[in-house]
Each structure stands twice: as structure tokens, then as C-alpha cells.
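Notes follow once the structure below has been shown.
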Amino acid sequence: MSFTNYYRDSIAEIDLSAIKYNIEQLKKRLKGGTGIYAVVKADAYGHGDIQVARAALDAGAKGLAVALLDEAVKLRQAGIESPILVMGWTRPKDAVVAAEHAISLTVFQEEWLEQVEGLSFSPPLRLHLKIDTGMGRVGIRTPEEMERILKIMGRQSAFKLEAVFTHFATADEANTEYFETQQKRFEELFSHFKRNWPENVEIHTSNSATSMRFPERMDHFVRFGISMYGLYPSPVVKKEKPIDLNPAFQLKSRLVHVKKLEAGESISYGATYTTEKDEWIGTIPLGYADGWIRKLQGMDVLVDGKRHPIVGRICMDQFMICLDQEYPIGTKVTLIGKQGEEEISADEVADHLDTINYEIPCMISQRVPRVFRQDGRTIAVRNSL
């Protein structure tokens with residue numbers, strides 16, 4: 590077990606058992622032989638990259654996917670030896686670092702390959718070719734681009750092409766027309782690829798939504814992102830519920846001050862909330878510096894299994910709530926998660942902010958300690974301060 594001291598009662602609890610459960614549920618949905626790459630970019634969507642990566646691999650994930658080379662190197666330095674793919678752009682000069690750490694990079698630019706071609710690699714540089722079928726971010730879009738890139742890779746023995754992949758933009762929506770368009774574009778470009786590349790490569794096109802909704806279309810492996818953390822990628826997928834998911838993230842704190850204010854008293858900066866009657870006001874030691882941003886004013890939190898609204902503007906380090914009665918200092922407060930029969934989900938917080946659930950755990954800052962639990966036991970704590 591690994592523990593780090595922390596000196597506050599505002600924490601993010603990460604249930605690694607939920608991570609494993611969600612992977613196991615997807616494995617049941619996939620056809621035999623399809624592997625899973627656990628997406629742990631952005632500090633595992635705010636959950637904690639190293640701990641989540643290990644839990645995912647223990648649950649049977651084949652490899653890991655990140656967005657940045659820095660994220661991949663961090664995992665290697667933590668002793669993780671599984672395959673790791675960097676899905677974003679990497680500086681050409683840093684390709685040597687990737688090769689040294691057996692990290693696979695995404696390639697989609699002829700100029701990038703030409704710059705990398707002049708470097709020395711030992712061992713070879715592992716590459717995944719990205720095809721842009723309609724996402725519009727990165728990737729090759731034409732047969733001509735592909736031919737030029739494959740020509741460079743074919744003349745350089747230090748390049749090892751492992752896979753070809755794409756990303757679907759609308760796989761989580763009810764209307765699948767654009768998804769089908771992207772699928773067709775990929776098939777056409779991949780057919781062109783096979784005519785120009787003699788070696789076998791793997792294919793991965795499926796994100797969480799595609800993996801769960803269309804298991805009959807699976808490739809060699811899928812990229813399991815948001816749903817590995819127990820969140821459905823859209824209301825459509827949540828309603829369909831192709832597999833059962835358990836949320837892994839909870840945000841908790843405690844009351845540090847409780848006071849009774851008479852009618853006519855104002856709360857916080859700008860005096861945007863004024864009591865209309867005698868009210869019990871509680872203070873919670875967490876604020877926008879922790880990622881609980883000011884737009885969450887009016888959002889509920891849970892105290893004693895009941896909902897209580899945030900009143901007044903959220904401060905950098907604290908916010909206030911209106912209580913239904915006096916509670917002792919130290920009473921538990923749940924911002925995301927279950928308390929008794931009530932639950933505040935990441936989806937509810939996202940709805941309040943007019944955003945998506947992906948953003949919610951990602952926005953909780955690193956000054957909030959991550960407490961990792963498995964099978965009801967605390968197995969690790971990470972505090973970045």
C-alpha cells in the first residue's frame with residue numbers, strides 16, 4: 590500500500606473496483622479476441638493515471654492510450670510495461686524518447702516523418718497511422734497523402750507500423766448517418782492502405798460509444814475512455830444502456846462552520862444571496878481553485894442524505910450552503926456521489942454547467958487529494974501539494 594499525507598477533508602474518492610467492473614462489463618459485450626486499450630489521458634480523466642492504469646491492466650486491458658508523450662513517459666517511469674499509444678501530435682525531435690521507452694506514436698504528416706527519418710533509433714520507432722474520416726482534428730484524408738507517408742515508412746527500417754486507426758465524431762448519437770459515412774470512408778482508405786502496404790497491422794476505430802453500441806463491428810482492439818470511469822458518453826447511450834456501469838469518482842468534503850443568520854443577511858462576494866428568513870448557513874472548505882467553479886452557484890450538495898443548495902458566490906477556497914437545520918462541525922458533505930438514498934451524479938453537475946460529463950472529473954484540480962479505494966479499502970493516496 591502507498592499513502593501520502595494530506596491535511597484537508599476535501600477529497601476525491603476513486604473506486605478502482607468500479608474501473609475493473611466497467612472493463613469486465615465491456616469484455617462481455619465484445620466479440621472474442623477484441624482487446625481493450627484503456628484511455629488514461631488527462632490524468633485518467635482526473636481520476637489518477639498511474640493507479641487507474643494499473644487497475645485497468647489488472648482487469649485485462651491490453652494496453653494504454655494517452656494524449657501526450659509526457660503522460661506516456663510518466664507511466665513508464667512508474668514501472669508500467671504494457672503497450673502505450675500517444676494519440677496526439679508529438680514533436681519530431683522527441684520521437685527518440687518515444688522509441689527509447691517503447692512508446693507508440695501517432696503519425697499523419699509527411700513532413701513529420703521526413704524530420705524524424707533523419708534521427709537514429711534503437712529500438713525502432715513504433716507508429717500508428719491516423720486517418721481523418723470526418724472528425725476534422727488530425728489524420729490523413731486522401732489516398733495521395735497515404736501513399737506519400739507509406740513510401741517514407743517503407744524505406745526506413747527504423748519505423749515499425751503497428752496499427753491504423755480513426756475516431757468517430759457521432760457514435761454516441763441517435764442518428765447514425767454520419768457515423769456510417771465515417772465508417773465507409775475508413776473502409777475505402779484502409780482498402781487503399783492494404784494495396785500499398787504488404788505487412789499486417791492492427792485496426793482500432795472504436796471509442797466507448799462505438800464499443801458498447803456496435804460490438805459486431807469491433808476491430809483488433811477498442812479504446813475505452815469515458816465509460817471505463819462509469820459514465821455514459823451521451824444521454825442517448827445512457828438511455829440505451831448497452832452495458833452496466835459503475836461511476837468511479839466521488840467528491841466529498843465536511844462542514845467546517847455552521848451559523849444561524851437572521852433575515853436580511855447577505856452571503857459571499859457581491860452579496861448576491863440575502864436570507865429571507867432565519868437560516869442555517871454551512872461553510873465547506875472547497876472552491877474554484879479546487880475546480881468547483883463559480884458557475885456552480887445554486888447547485889445542490891448532500892448533507893445527511895438530503896439536498897442543500899449552494900448560496901452566494903463560490904469563493905476560491907470555500908463556499909456556503911443553506912442547511913435545513915444545525916449540523917455539527919465535521920458533518921460529511923457529498924458534492925458528487927451517493928449519500929443515503931440520494932445521489933448527485935457527474936451528469937447532473939454537467940447539466941448545471943451546460944457541458945458534458947467528461948469535463949467534470951477533469952476540472953477537479955490537483956490540490957484535491959485523490960484517495961484510491963478497492964474492495965472498500967484505501968490502498969493509496971495521492972496529494973500533489
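Mind the numbering: the sequence shown is residues 590 to 974 in my numbering, read in order. Just so it is clear, CB atoms sit at the ideal spot from N, CA and C, and this is done for glycine as well. Just so we're clear, the structure is a prediction, and the values are computed from it rather than from any experiment.
Run of the beta strand (DSSP E) containing residue i, from where it starts to where it stops
{"i": "Thr765", "result": "Thr765 -> no beta strand (DSSP E), and no H or E assigned at all."}
Residue i (DSSP reduced to helix, strand or coil)
{"i": "Tyr626", "result": "strand"}
{"i": "Leu942", "result": "helix"}
{"i": "Lys749", "result": "strand"}
{"i": "His793", "result": "strand"}
{"i": "His776", "result": "The sequence given here places Glu at residue 776; His does not occur at that position. Reduced to three states, the DSSP call for Glu776 is helix."}
{"i": "Val970", "result": "strand"}
{"i": "Phe813", "result": "strand"}
{"i": "Glu955", "result": "What sits at residue 955 in the sequence shown is Gln, not Glu. Looking at Gln955 - three-state DSSP - the assignment turns out to be coil, as it is neither helix nor strand."}
{"i": "Ala648", "result": "coil"}
{"i": "Met590", "result": "A caution first: Met590 carries a pLDDT of 47, below 50, which makes its placement in the model unreliable, though a value can still be read off. It is coil, neither helix nor strand."}
{"i": "Ala758", "result": "coil"}
{"i": "Gly621", "result": "coil"}
{"i": "Phe782", "result": "helix"}
{"i": "Arg806", "result": "helix"}
{"i": "Leu615", "result": "helix"}
{"i": "Tyr818", "result": "helix"}
{"i": "Tyr634", "result": "helix"}
Residue burial classification, residue i (beta-carbon count within 10 angstroms, cutoff 16)
{"i": "Glu660", "result": "buried"}
{"i": "Met905", "result": "exposed"}
{"i": "Tyr862", "result": "buried"}
{"i": "Tyr877", "result": "buried"}
{"i": "Ala650", "result": "buried"}
{"i": "Gly965", "result": "exposed"}
{"i": "His846", "result": "exposed"}
{"i": "Met590", "result": "Unreliable positioning characterises Met590 in this predicted model, as indicated by a pLDDT of 47, which lies under 50. The coordinate reading is nonetheless provided below. Burial call: exposed."}
{"i": "Asp981", "result": "With the chain running from 590 to 974 in the structure shown, residue 981 is simply not present."}
{"i": "Lys841", "result": "buried"}
{"i": "Gln666", "result": "exposed"}
{"i": "Asn796", "result": "buried"}
{"i": "Ile882", "result": "exposed"}
{"i": "Ala763", "result": "exposed"}
{"i": "Asp632", "result": "buried"}
{"i": "Gln907", "result": "buried"}
{"i": "Ser816", "result": "buried"}
{"i": "Arg812", "result": "buried"}
{"i": "Thr722", "result": "buried"}
{"i": "Gln914", "result": "exposed"}
{"i": "Ser746", "result": "exposed"}
{"i": "Asp638", "result": "buried"}
{"i": "Thr794", "result": "buried"}
{"i": "Gly871", "result": "buried"}
{"i": "Tyr858", "result": "exposed"}
{"i": "Asp647", "result": "exposed"}
{"i": "Asp943", "result": "exposed"}
{"i": "Ile669", "result": "buried"}
{"i": "Arg680", "result": "exposed"}
{"i": "Ser800", "result": "buried"}
Enclosing alpha helix (DSSP H) for residue i [first to last residue]
{"i": "Glu788", "result": "Taken as a continuous stretch (DSSP letters only), Glu788 belongs to no alpha helix (DSSP H), as it is neither H nor E."}
{"i": "Asp659", "result": "Leu658 to Gln666"}
Bridge-paired residues (DSSP) for residue i
{"i": "Ala607", "result": "According to DSSP, Ala607 bridges with nothing at all."}
{"i": "Ile600", "result": "Lys841"}
{"i": "Arg962", "result": "Asp604 and Thr967"}
{"i": "Leu653", "result": "Ala627 and Ile673"}
Below-8 Å beta-carbon distance, residue i vs any chain D residue
{"i": "Phe813", "result": "As a matter of chain content, chain D is missing from the structure shown, which is built from one protein chain."}
* alpha helix (DSSP H) runs wholly inside the stretch 822–905, at least 4 long, in chain order -> 824–829
* Asked: At what residue ranges does the stretch 670–754 contain a whole run of the beta strand (DSSP E), taking only runs of 3 or more?
  -> 673–675, 693–696, 714–719 and 748–754
* Asked: Which residue spans inside the stretch 907–944 form an unbroken beta strand (DSSP E) run of at least 3?
  -> 908–912, 921–928 and 931–933
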